[in-house]
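Everything below concerns the one structure shown next.
There are 2 protein chains.
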Amino acid sequence: MSHRVVVIGGGFGGLAAVRRLKRAGTEIVLIDRRNFHLFQPLLYQVATGSLTAGEIASPLRGLLKRRRDVTVMLGSVTSLDLEARAVVIDPVGDRDAVTVPYDTLIAAAGAGHAYFGHDEWEPLAPGLKTVEDAIEIRRRILTAFEAAEADDDPERRAAWLTFVIVGAGPTGVELAGQIGEIARDTLRRDFRSIDPASARILLLEGDDRVLTAFDPRLSARAERALGQLGVSVQVGALVSGVDARGVTVTRGDGGTDRIAARTVVWAAGVQASGLARLLAAANGAETDRAGRVTVGPDLALPGHPEVMALGDMVRVADGAGGVLPLPGVAPVAMQQGRYAADAVRRRLAGRGPGPPFRYRDKGNLATIGRLRAVGEIKGLRLSGFPAWAGWLLVHLFYLSGLQNRVLVMIRWTVSFVTHGRGARLITPAEDPPTGRGGSPGAG
Amino acid sequence: MSHRVVVIGGGFGGLAAVRRLKRAGTEIVLIDRRNFHLFQPLLYQVATGSLTAGEIASPLRGLLKRRRDVTVMLGSVTSLDLEARAVVIDPVGDRDAVTVPYDTLIAAAGAGHAYFGHDEWEPLAPGLKTVEDAIEIRRRILTAFEAAEADDDPERRAAWLTFVIVGAGPTGVELAGQIGEIARDTLRRDFRSIDPASARILLLEGDDRVLTAFDPRLSARAERALGQLGVSVQVGALVSGVDARGVTVTRGDGGTDRIAARTVVWAAGVQASGLARLLAAANGAETDRAGRVTVGPDLALPGHPEVMALGDMVRVADGAGGVLPLPGVAPVAMQQGRYAADAVRRRLAGRGPGPPFRYRDKGNLATIGRLRAVGEIKGLRLSGFPAWAGWLLVHLFYLSGLQNRVLVMIRWTVSFVTHGRGARLITPAEDPPTGRGGSPGAG
C-alpha cells in the first residue's frame, strides 16, 4: 500500500500541495465541493463584467488528468476522526456518506465572508468569494444602472446610482475602482436618461487608510487614484446597519450617517471554512474569532504531525507563544501547500522534520483601474504604469491553463483599446426566464 | 415628432429590424427582458462546456451605443392597446408600469419550450433556450459523471451514465453529438472508477428520422455520424412520461419502454412568447397550438399595418388561406426583421406596400461533432469536413462582435487540438456555496 494523502480543497494551497507531490510515490485523493479551481484574485473582474467565470476557472479533473496518482472526489467533508485517520465525505449524487482513510491529511478549505455577527446582512450586501457571488454582484451593479435609467424619481434614481463597498482591502479597492471605470468610461454612451458618470461610489473602511497591508505612502497613492475614478473613500467608517435601502455608518467621532444606496458589496472580513472548526474540535482545541484553527510552526495540528492545515483557515503559531503575521493571499497558501508536500516527502524518505514554515513575501500588488495600480516588490514601492504592468503580468502568469491566459489577455486588450467590457451580462434574471414563453416579455 | 418604432425583443429578428432602420429618421425603443443579445445557435456549446455564456452573448447597449436614435429599455411587456397604439412595460427596479406609445410596433419576442401539456416535466427535463437553461444542463451532465464516479451501485451508476435527449431537430442532434464527444473523448482520462465511454446516449424522435427539415439522405448520414459517437437514435419514439428516475417511451407499435436515466434534456418543441397571445387577443384573434399569432403576408396584424410581428412567435399567412412553411431558425427571423424595417421606411417615404415577405433559404447546417456535420446549401448536399468547416465559418461570421468571434475561435481551436473543453464548470452548485465558511466543505 502506498502512502495515501488526502487533500481537502482545490484552491491555491491544495493544488500547490498536489502538484508538489508529483512522482512522490503517494496515492492522492483531492476532495472539493466544486469541480474547478478558481483564480480568486480575478473574481472581481467577473463581478464587473470584464471577464467571464469560465475564463478564470479550470476544471480540476482537466488540470490533473495526466496525474494517475490523483483521484478527484466531489463532495463536502461532514466529519473527521483523527484516531481512525479518516474523513467522511458527503459525495454528489445519491450515494451515502463515504469514509476516506488517510495516512496524511492536508486541509486547505479556505474561507468565506464574515459579517461580524450580522449574518442577516449577507443577502443585502453579498461578498465576493465564489463564481455565484461574482455573477450576483455583476447582476446588481448592472441592474442598478438599468433601474436608474427606467426611473424618473430623482431620489430613487440617486439611490440606484449609489454604490457602497464595505472594506478597503485589495478586493474592496479593486471593486470600487472597477465600478468607477464602469460608470465613467464603459457605460458612458449606453444610456439616454441618466449620466452614469454621476454615480456615487463610496468605499468605506473602518481603519484609518485603504490597503492597510501596504506602505502608508502607497495607501495615499491608491486613494488618490480612486478619487480620479470618482470613488469617495471614507476611512474610520464602521458600518453599523445594512438594509434594502442603504447603510448606516458610525463615524470615528461616534456620530452616524445614513447612506441611501441600492447596491452594497461586502469586502470587509473573512470567516474560515467550517473544516477548521471540525479540526479544532477533533483535537480538543478552539478556533479564533475568524473561525481559524491554530497549527504549529510546521503547519501540523498539535500532536498530529500527519494532519496539516494551511491557507485562510489557519493561524500559524510562531513557536514563541504568538502567531505569524501572514496576509490572506494566494502566495501564502501556495507556499504552505508546497511546504506541506515537502513534509510528506521528507517523512516518506525517513528524514526528520524540516525547518518551520517561513513566508517569503515576493510582493504585493493591487490594481485600481486603467494604468493605475500600487505595489511593493522586495521593498521597492511601485505605482502607476510599472505597478499596473507588473500586476497584469503576474496575474496572467499565475492563471491556470494556457487557453485561459490567452482568452484573458484578449479580453484585457480589447477592453483597454475599446474602453468596453464584453461580459456585462445580467444573469441570472431576477425572475429567471423559464424559456416557456409563458410570460409576455421579449427575448 | 419623428416616427417612433417600438421593437420588442433583441433577438435575431428584433436586432435585424433595429439595424436596418439605421438613419431612417425614426426614433426607436428596443425593449427586452434581458440586457444582452444571445446567439442561440451556439447555446448547446455552453450546455456542453465548450464555450462560456459570455462568449455568445453581447450586451444590447454595447451593440447599439453609437445609435443615438435607439433607446434600450429593460422590462417585460404586460399589456398592449392597439387603439391607443401603446405597450405597457414592467421595467426593472421599483418604478411602476411605463406606457410606451408607438407609431409602428415590431414584435419579435421569440419562443420558449413546449411540453405538450406536460409542464410538470420542465424541471425534470429542461429545455435549451436561455443562458440559465444552458448552465443548468451543463451542471446536470457534468454532475451525472461525478455522481457515477462516486457511486458503487451498478444500477444507480448506469442510470447516472444514461443521457436521454428528447427531439432530434438540430438542437437535439447537436446536443447528443456533443454529449457523445464528452463521454468518449473529453472526459476519457478524467475518472478513476468509471469509464465515461460506457455512457449510453439516447436520442429519441417521434418522427421517423432525425433532422426532418433536411433531405432524408442527410438524415441518414447524421444518424450514422451520431452512431460513431456512441449515440443511439430511436425514431418513432414518443415520450409519454418523465420522472426523476427516467422516461417512459411509447413506441410506434403502441408498446412502452422504460429507460432509467438521471439526465433528460428536452429539445422537442417550442411555444411562442406570451406576447403572441396578447397580440392575438387585442385583435380578437386566437393563437395556434404552439401559441403563435397569425400575421398577414406583409407580417402585419390583420387590420393593423402599423403592427408587425415575426420570428418564432408568428405564423405567416400565404394569402391563399394557408401559411408559409417557415422553419424556426435565425435566418427567417433576420430576414423578417429587415422586411419589417423596410416596410417602415417605405411608409415614411410615402410609398405603397411592397411585395409580400418571401424567405430566401440560403441553406441549413447542423454539426454533430468533430469534423462531422451535414448541410444543404442552395440545393447542394454536404456532409463531413466541408459541411463542418462551412458550419464553423457561418457561425463565426454571424456571431456578434469581433471580440466574441476571436474568443470562440480560440476556444474551438484549443478544443480541436487538445480534445478538451475549457468551460466545463458545475455552476451553480446544487447547494449553492454561500461563501460563509459555515459548511465544512472545501474550496
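Protein chains in written order, with the numbering used here: chain A, 2 to 444; chain B, 2 to 444. Just so you know, even glycine gets a beta-carbon here, dropped at the ideal spot from N, CA and C.
Over the uninterrupted beta strand (DSSP E) stretch that includes residue 273 of chain A, give me the two end residues.
Residues 271–273.
Between residue 13 of chain A and chain B, is any beta-carbon pair separated by less than 8 Å?
Not closer than 8 Å to any Cβ of chain B, the Cβ of residue 13 of chain A fails to qualify, so no.
Identify which residue in B:269, B:305, B:251 has its Cα closest to the Cα of residue 445 of chain B.
Look at the range of chain B in this structure, 2 to 444, and you will see that residue 445 of chain B is not part of it.
Cβ-Cβ separation, residue 428 of chain B to residue 140 of chain B (assumed contact under 8 Å), whole Å
Confirmed, about 7 Å.
List the residues of chain A whose Cβ lies closer than 7 Å to the Cβ of residue 37 of chain B, in chain order.
Going along chain A in sequence order, the residues near residue 37 of chain B (Cβ under 7 Å) are 426.
Selection from B:273, B:11, B:26 that minimises the alpha carbon distance to residue 107 of chain B
Checked all of B:273, B:11, B:26; the closest Cα to residue 107 of chain B is B:11.
Does the beta carbon of residue 43 of chain B sit closer than 8 Å to a beta carbon anywhere in chain A?
So, not an interface residue.
Which whole-angstrom value describes the C-beta separation of residue 271 of chain A and residue 169 of chain A, a residue pair presumed to lie in contact below a C-beta threshold of 8 Å?
Not quite, the Cβ-Cβ distance comes to about 15 Å (not below 8 Å), so this is no contact.
Any beta carbon from chain B within less than 8 Å of residue 23 of chain A's own beta carbon?
No, no contact with chain B.
Helix, strand or coil for residue 19 of chain B per DSSP?
If DSSP states are grouped into helix, strand and coil, residue 19 of chain B belongs with the helices.
Might you give, ordered along the chain, the residues of its own chain that have their beta carbon closer than 6 Å to the beta carbon of residue 408 of chain A, omitting 5 neighbours on each side?
Listed in chain order, the non-local C-beta contacts of residue 408 of chain A below 6 Å within the same chain comprise 56, local neighbours out to five positions each way being set aside.
In three-state terms, what does DSSP make of residue 306 of chain A?
Strand.
List in chain order: all unbroken beta strand (DSSP E) runs of 3+ residues lying wholly within the segment 93–142 of chain A.
Segments of the beta strand (DSSP E) lying fully in the segment 93–142 of chain A: 99–102, 105–108, 112–114.
Backbone CA spacing between residue 24 of chain A and residue 352 of chain A [nearest angstrom]
Looking at the two C-alpha atoms, the distance is approximately 18 Å.
So, using beta-carbon positions, are residue 32 of chain B and residue 22 of chain B closer together than 8 Å?
No, they are not a contact pair.
Could you name the residues of the same chain whose beta carbon sits closer than 6 Å to that of residue 62 of chain B, not counting the 5 residues immediately before and after it, in chain order?
Excluding five sequence positions before and after residue 62 of chain B, the CB atoms of its chain that fall closer than 6 Å to its own CB belong to 73, given in chain order.
Boundaries of the alpha helix (DSSP H) in which residue 414 of chain A is found, first to last residue:
Residue 414 of chain A -> alpha helix (DSSP H) spans 403–419.
Tell me, please, which residues DSSP counts as bridged to residue 82 of chain A.
Residue 82 of chain A pairs with A:87.
For chain A, check one thing: does any of its Cβ atoms lie closer than 8 Å to the Cβ of residue 316 of chain B?
Proximity of residue 316 of chain B to chain A, defined by a Cβ-Cβ separation below 8 Å, is not satisfied.
Specify, as a first and last residue, the run of the beta strand (DSSP E) that residue 37 of chain A falls within.
Run containing residue 37 of chain A: 37–39, per the beta strand (DSSP E) assignment.
DSSP state of residue 428 of chain A, grouped into three classes?
Coil.
In chain A, what lies closer than 7 Å to residue 1 of chain B by C-beta?
Outside the shown range of chain B (2 to 444) lies residue 1 of chain B, about which nothing can therefore be said.
Three Cβ pairs or more, each shorter than 8 Å: is that satisfied between the segment 257–277 of chain B and the segment 169–181 of chain B?
Counting Cβ pairs under 8 Å, three or more are found: they touch.
Residue 381 of chain A CB to nearest chain B CB: under 8 Å?
No, its Cβ sits nowhere closer than 8 Å to a Cβ of chain B.
For chain B, check one thing: does any of its Cβ atoms lie closer than 8 Å to the Cβ of residue 147 of chain A?
Cβ-Cβ to chain B under 8 Å: yes for residue 147 of chain A.
Length of the line joining the Cα atoms of residue 104 of chain A and residue 289 of chain A:
Roughly 27 Å separates the two Cα atoms.
With 16 other CB atoms within 10 Å as the buried threshold, where does residue 278 of chain B fall?
With 16 or more other Cβ atoms within 10 Å, it is buried.
Once DSSP output is grouped into helix, strand and coil, what is the label at residue 68 of chain B?
Coil, per DSSP.
I'd like the span of the alpha helix (DSSP H) that includes residue 220 of chain A, first residue to last.
Taken as a continuous stretch (DSSP letters only), the alpha helix (DSSP H) holding residue 220 of chain A covers 217–229.
What's the C-alpha gap between residue 395 of chain A and residue 245 of chain B?
Each residue's alpha carbon lies about 47 Å from the other.
List the DSSP bridge partners of residue 164 of chain B.
B:202, B:264, per the DSSP bridge assignment.
Is residue 443 of chain B helix, strand or coil when you go by DSSP?
With a pLDDT of only 46 at residue 443 of chain B, under 50, the local geometry of the prediction cannot be trusted, and the value read off the model is given with reservation. Here residue 443 of chain B sits in coil by DSSP.
Exposed unless 16 or more other CB atoms sit within 10 angstroms - verdict on residue 130 of chain A:
Buried, since its Cβ has 16 or more Cβ neighbours within 10 Å.
Would you mind listing the beta strand (DSSP E) stretches within the segment 283–337 of chain A that are 3+ residues and don't spill past its ends, in chain order?
Listed in chain order, they are 294–296, 305–310, 315–317.
Count the other C-beta atoms from every protein chain shown that fall within 10 angstroms of the C-beta of residue 92 of chain A, then say buried if there are 16 or more, exposed otherwise.
By the C-beta density criterion, residue 92 of chain A is buried, having at least 16 other C-beta atoms within 10 angstroms.
CA-to-CA distance, residue 315 of chain A to residue 126 of chain A, given in whole angstroms
The alpha-carbon separation between residue 126 of chain A and residue 315 of chain A amounts to approximately 26 Å.
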